[in-house]
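First comes the structure, then the notes that go with it.
Numbering (the numbering used here), first residue to last: 2 to 303.
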């Protein structure tokens with residue numbers, strides 16, 4: 002337990018129509034958990050309350066993909082933007098539908114916070130988060146801790162650091178039965194006009210060193226990585242893709258046991274895709290605003 006950030010805990014998409022987004026991603030071969038309702042403590046020391054937002058998740062072996070949306074408009078509207086805090090979905094959704102969430106994972110969030118404070122990085126107190134999850138024994142509650150950063154620090158998306166308290170309730174093997182063979186979320190791609198400052202920021206958040214490779218920067222974590230590039234060089238990673246806004250989270254990569262499984266499910270559902278540098282890519286217009294890349298497990302990285 003050293004507070005090291007070593008993984009992308011989860012990435013998430015936000016849509017005004019959660020059901021439609023889930024249906025779209027099922028066509029890409031992902032399996033999703035039942036609907037789960039988020040609860041947060043609106044003020045320190047109080048009982049967590051439902052926000053009116055919910056998610057469904059594609060579970061992998063060590064992390065997951067989250068699809069988010071408002072499911073109870075009345076409850077959601079009864080809370081102010083300030084009460085929702087870092088869990089507000091309206092602001093990112095006003096920019097575009099698509100990939101907005103990138104949470105880093107740690108095994109000791111209190112130690113992580115201490116390191117951030119020593120580096121002079123502004124961040125919140127550690128907060129508690131919970132939501133219902135379906136299990137073979139019935140509905141149970143998962144618990145997690147998280148911290149966030151001042152809103153102006155991360156205009157590219159909802160960036161937090163999180164720690165599982167009940168990982169077995171979240172990462173249930175029975176949900177890792179994706180028809181596309183997906184086993185891990187391995188990469189998030191960030192697009193900005195100032196990649197050097199972004200990679201420096203992520204270095205502070207994670208404790209890992211980034212490096213420049215041609216037209217982009219790469220931050221390698223133990224189990225996943227972040228790639229930061231400019232609009233001018235985005236075509237080298239995601240051919241033909243245009244960022245929906247700047248800065249933004251523009252795409253993510255999933256490792257699969259066999260790319261033929263990906264090709265098969267995409268062809269079955271008549272989802273257009275292209276092959277590029279040993280990967281299969283689904284364009285943003287086919288995946289609710291985010292490019293989705295598939296690679297074989299163990300594929301050499303750029």
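Yeah, the Cβ is synthetic: ideal placement off N, Cα and C, and Gly gets one too.
The C-beta of residue 236 has fewer than 16 other C-beta atoms within 10 Å across all chains shown, which makes the residue exposed. Here DSSP, grouped into helix, strand and coil, assigns residue 250 to strand. Residue 161 is classed as buried because its beta carbon has at least 16 other beta carbons within 10 Å across all chains shown. Excluding its 5 nearest sequence neighbours in each direction, residue 211 has C-beta neighbours in its own chain below 7 Å: 200, 203, 204, 218, 219 and 220, listed in chain order. Cβ-Cβ separation between residue 262 and residue 184: approximately 11 Å, too far for a contact (criterion under 8 Å). The Cβ-Cβ distance between residue 283 and residue 29 falls below 8 Å.
About 21 Å separates the beta carbons of residue 276 and residue 226, which is beyond the 8 Å limit, so they are not a contact pair. Remark: C-beta atoms of residue 53 and residue 70 do not approach each other more closely than 8 Å. DSSP places residue 302 outside any alpha helix (DSSP H), giving it a letter other than H or E. Residue ranges of uninterrupted alpha helix (DSSP H) with 4 or more members, entirely inside the stretch 179 to 239 and ordered along the chain, are 196 to 207. In the same chain as residue 22, and ignoring 5 residues on each side of it, the C-beta atoms closer than 6 Å to its own belong to 16, 68 and 289, in chain order.
The three-state secondary structure of residue 83, taken from DSSP, is helix.
Ranked by how close their Cα comes to the Cα of residue 140, the residues 20, 34, 8 and 280 have 34 in first place. By the neighbour-count definition (other C-beta atoms within 10 Å, threshold 16), residue 164 is a buried residue. Assigned with DSSP and collapsed to three states, residue 288 falls in coil, not helix or strand. Taking 8 Å as the cut-off, the beta carbon of residue 207 is found no closer than this to the beta carbon of residue 157.
Cα atoms of residue 18 and residue 101: separation of roughly 15 Å, rounded to the nearest angstrom. Rounded to whole angstroms, the separation of the alpha carbons of residue 249 and residue 76 is 28 Å. The beta carbon of residue 58 is closer than 6 Å to those of 34, 65 and 67 in its chain, skipping five residues each way along the sequence. Residue 182 and residue 266 have their C-alpha atoms some 10 Å from each other. Collapsing the DSSP output to three states places residue 59 in a strand. Excluding five sequence positions before and after residue 281, the CB atoms of its chain that fall closer than 6 Å to its own CB belong to 260, 263, 274 and 295, given in chain order. Apart from the 5 residues on each side of it in sequence, residue 144 sits with its Cβ closer than 8 Å to the Cβ of 129, 130, 131, 166 and 167 in its chain, given in chain order. The three-state secondary structure of residue 262, taken from DSSP, is helix. Per DSSP, reduced to three states, the secondary structure at residue 150 is coil, with no helix or strand assignment.
For residue 68, the uninterrupted beta strand (DSSP E) run begins and ends at 65 to 71, by DSSP. Counted as a single uninterrupted DSSP element, the beta strand (DSSP E) harbouring residue 136 occupies residues 128 to 136. CA-CA distance, residue 112 to residue 268, rounds to 47 Å.
With 16 or more other Cβ atoms inside 10 Å of its own Cβ, residue 106 counts as buried. In this structure, DSSP gives residue 88 a helical state, which the three-state scheme calls helix. Per the coordinates, the alpha-carbon of residue 127 lies some 43 Å from the alpha-carbon of residue 270. Assignment of residue 21 by DSSP, reduced to helix, strand and coil, places it in the helix class.
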